[in-house]
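Using my numbering, you'd call the opening residue of the sequence shown number 339 and step up by one each time. Don't be surprised by glycine CBs; every beta carbon is placed ideally from N, CA and C. To start, the structure itself, in structure tokens.
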Amino acid sequence: MNRRAFLSSLSCTAALTAAAPARALSPAPYLITARRFQFKLRVPAELAGPAAAFARQVDLASGGRLQVTPVNDASRPGGVHPAAEYEMQLGTLHALHNVHPAFAYAAGLPGGLGLPPSVIATWLMGSGQTLWCGLQAESGITCLIMPGSNTMPGLWSRAPIRDWSSITGRTLAANGLAMDVARGLGAVAVSGGGGHADMMDASVHYNQPKDCAFCAGHALQRCPSLMAVMLPRAAWNSLDAGLQRCIADVALACGPFPPGPAAAARMATLSPLPLSISRAIDRVSEAVVATLSGHDQLSKRVNTQYFALHSRQLGSPRLIGC
Numbered sequence: 339m340n341r342r343a344f345l346s347s348l349s350c351t352a353a354l355t356a357a358a359p360a361r362a363l364s365p366a367p368y369l370i371t372a373r374r375f376q377f378k379l380r381v382p383a384e385l386a387g388p389a390a391a392f393a394r395q396v397d398l399a400s401g402g403r404l405q406v407t408p409v410n411d412a413s414r415p416g417g418v419h420p421a422a423e424y425e426m427q428l429g430t431l432h433a434l435h436n437v438h439p440a441f442a443y444a445a446g447l448p449g450g451l452g453l454p455p456s457v458i459a460t461w462l463m464g465s466g467q468t469l470w471c472g473l474q475a476e477s478g479i480t481c482l483i484m485p486g487s488n489t490m491p492g493l494w495s496r497a498p499i500r501d502w503s504s505i506t507g508r509t510l511a512a513n514g515l516a517m518d519v520a521r522g523l524g525a526v527a528v529s530g531g532g533g534h535a536d537m538m539d540a541s542v543h544y545n546q547p548k549d550c551a552f553c554a555g556h557a558l559q560r561c562p563s564l565m566a567v568m569l570p571r572a573a574w575n576s577l578d579a580g581l582q583r584c585i586a587d588v589a590l591a592c593g594p595f596p597p598g599p600a601a602a603a604r605m606a607t608l609s610p611l612p613l614s615i616s617r618a619i620d621r622v623s624e625a626v627v628a629t630l631s632g633h634d635q636l637s638k639r640v641n642t643q644y645f646a647l648h649s650r651q652l653g654s655p656r657l658i659g660c
């Protein structure tokens, strides 16, 4: 299957997924060869449930030709791009932040610059297809989008955030560009899970600190992050067209994810942020994205197209950076 046909199949599947709740995929008439493939799926413990569901559906839809075995990846809670030939990674696209900075536009921008995952997914499968394919090709990664997110909104903390002394020098767990925003606010940024951090941003999935009893609605990253299954491009290219379409369909049909049970069950005291801190989050976010936009020519093109989309969604012109 060539790139155009593959992307068209993704677009069709995305439309069907948006129109109906997540469902189990029955065996489909994919044109699959007799060769069998086995993949490890690296996933943090908090995503074990969705990972198991994904593995089951891939096995069913492929008729057993593609087997996926979830592996607990607790040592890398923030997620990194898979290095081994037949490894996948399930998580947010923040996992690719160090592979190429422009993945941040798909993962979720900080402050008021983000867009809902459903809007981002539609963009990547529509007008943004060419840039999205170019970014993946340059990085040697294939990303299979999973719609939806379970992010609990807000900035969680162990104590109320009353003024700048509540942030300066304190540990703040975040992912992606939200880490740069945390540093810009004077906090000590902690990557990934950060279970013992003083604060945790909504950019971190499924893993709010157990002792965070307070929540400010104004998070560093306000919109949820886009989820994906990520695998080396060489491994993706080794699959025949039928298996490629099979696994892409399953990824789209597996979302959205419900909130983690601990996060859903826990009650928090609402603790609004001081206005000066809220404004600082937006100001620092714009500076961080402006720096990102000048990383290279590809980043500039992605930035321009992203903010054209952002302007259409908000109904007012907006352009940050180059």
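Short Cβ contact (9 Å threshold) for residue i with residue j
{"i": "Cys-561", "j": "Ala-606", "result": "no"}
{"i": "Gln-427", "j": "Val-588", "result": "no"}
{"i": "Asp-536", "j": "Ala-557", "result": "no"}
{"i": "Val-526", "j": "Arg-508", "result": "yes"}
{"i": "Leu-431", "j": "Ser-563", "result": "yes"}
{"i": "Met-300", "j": "Pro-455", "result": "No answer is possible for residue 300: it lies beyond the span of the chain, which begins at 339 and ends at 660."}
{"i": "Cys-481", "j": "Ala-444", "result": "yes"}
{"i": "Leu-611", "j": "Leu-493", "result": "yes"}
{"i": "Ala-516", "j": "Ser-495", "result": "no"}
{"i": "Leu-462", "j": "Ile-483", "result": "yes"}
{"i": "Leu-647", "j": "Ser-465", "result": "yes"}
{"i": "Ala-383", "j": "Cys-592", "result": "no"}
{"i": "Gly-514", "j": "Ala-618", "result": "no"}
One or two residues paired with residue i in a DSSP bridge
{"i": "Lys-378", "result": "Thr-407 and Glu-425"}
{"i": "Ser-495", "result": "Met-537 and Phe-552"}
{"i": "Ile-483", "result": "Ala-566"}
{"i": "Gly-449", "result": "Gln-559"}
{"i": "Ala-527", "result": "Leu-510"}
{"i": "Leu-608", "result": "Cys-553"}
CA nearest to the CA of residue i, picked from the options
{"i": "Asp-501", "options": "Gly-524, Met-517, Met-484 and Thr-480", "result": "Gly-524"}
{"i": "Arg-621", "options": "Val-396, Ala-399, Arg-403 and Gln-559", "result": "Gln-559"}
{"i": "Pro-498", "options": "Thr-629, Gly-555 and Leu-569", "result": "Gly-555"}
{"i": "Ala-283", "options": "Cys-550, Pro-485 and Ala-586", "result": "What the structure shows of the chain is the stretch from 339 to 660, and residue 283 is not part of that stretch, so it cannot be assessed."}
{"i": "Phe-441", "options": "Arg-650, Tyr-644 and Gly-464", "result": "Tyr-644"}
{"i": "Tyr-424", "options": "Ala-445, Pro-610, Leu-569 and Ser-609", "result": "Leu-569"}
{"i": "Ala-475", "options": "Gly-514, Val-528 and Val-437", "result": "Val-437"}
{"i": "Arg-650", "options": "Ser-623, Ile-458 and Pro-382", "result": "Ile-458"}
{"i": "Cys-584", "options": "Pro-388, Asp-397, Ser-637 and Ala-433", "result": "Asp-397"}
Environment of residue i [buried if 16+ CB atoms lie within 10 Å]
{"i": "His-534", "result": "exposed"}
{"i": "Asn-641", "result": "buried"}
{"i": "Gln-635", "result": "exposed"}
{"i": "Ser-452", "result": "In the sequence as presented, Ser is not what sits at residue 452; that position holds Gly. Counting Cβ neighbours within 10 Å, Gly-452 comes out buried, since at least 16 surround it."}
{"i": "Gln-582", "result": "buried"}
{"i": "Gln-395", "result": "buried"}
{"i": "Arg-380", "result": "buried"}
{"i": "Arg-403", "result": "buried"}
{"i": "Thr-460", "result": "buried"}
{"i": "Val-626", "result": "buried"}
{"i": "Gly-653", "result": "exposed"}
{"i": "Leu-348", "result": "The pLDDT assigned to Leu-348 is 43, lower than 50, so where the model puts this residue is not dependable, and the model offers no usable value."}
Cβ contact check for the region 567-581 and the region 371-383: 3 or more pairs under 8 Å: They touch, by the three-pair rule.
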